[in-house]
Amino acid sequence: MKLQYFEDTDTLYIEFQSRAISETRDLDENTILDLDSEGNVCAITFEHASQRTDVNHLHVEGLAA
1 MKLQYFEDTD TLYIEFQSRA ISETRDLDEN TILDLDSEGN VCAITFEHAS QRTDVNHLHV
61 EGLAA
């Protein structure tokens, strides 16, 4: 899993699995889902992230070893 924040565009990108993206869907006008060929969500993009999330604080729980 990978998280990236792009300050210049205020975009938060969360990649759940690194797979080939076969489809991109707009969940709403500021949220984009990337899907693989089986319809699994591989990544999600949040536009205007600082207004919609707390990009200055990341708290991670329950990581598998």
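For what it's worth, the UniProt record's numbering labels the leading residue of the sequence shown as 1, then goes sequentially. Even glycine gets a Cβ: it sits at the ideal position worked out from N, Cα and C. As the structure is a computational prediction, the values presented were derived from the model and not from experiment.
*Which residue comes first and which comes last in the beta strand (DSSP E) that contains Arg-25?*
The residue labelled residue 25 in the question sits at position 25 within the sequence shown. Start and end: 23 to 28.
*Cα separation between Asp-28 and Tyr-13?*
As a working note, residue 28 is residue 28 in the sequence shown. As a working note, residue 13 is residue 13 in the sequence shown. So the alpha carbons of these two residues sit roughly 15 Å apart.
*Could you give the distance in angstroms between the alpha-carbon of Thr-31 and the alpha-carbon of Arg-25?*
By one-based count along the sequence shown, residue 31 stands at place 31. By one-based count along the sequence shown, residue 25 stands at place 25. Roughly 9 Å between the two C-alpha positions.
*List the residues that DSSP assigns as beta-bridge partners of Asp-34.*
The count along the sequence shown starts at 1 and reaches residue 34 at position 34. In the DSSP secondary-structure assignment, Asp-34 is bridged to Thr-24 and Ala-43.
*asked:* What does DSSP give as the partner residue(s) for Thr-11 in the beta ladder?
replied: In the sequence shown, the residue the question calls residue 11 occupies position 11. Its beta-bridge partners are Phe-6 and Glu-47.
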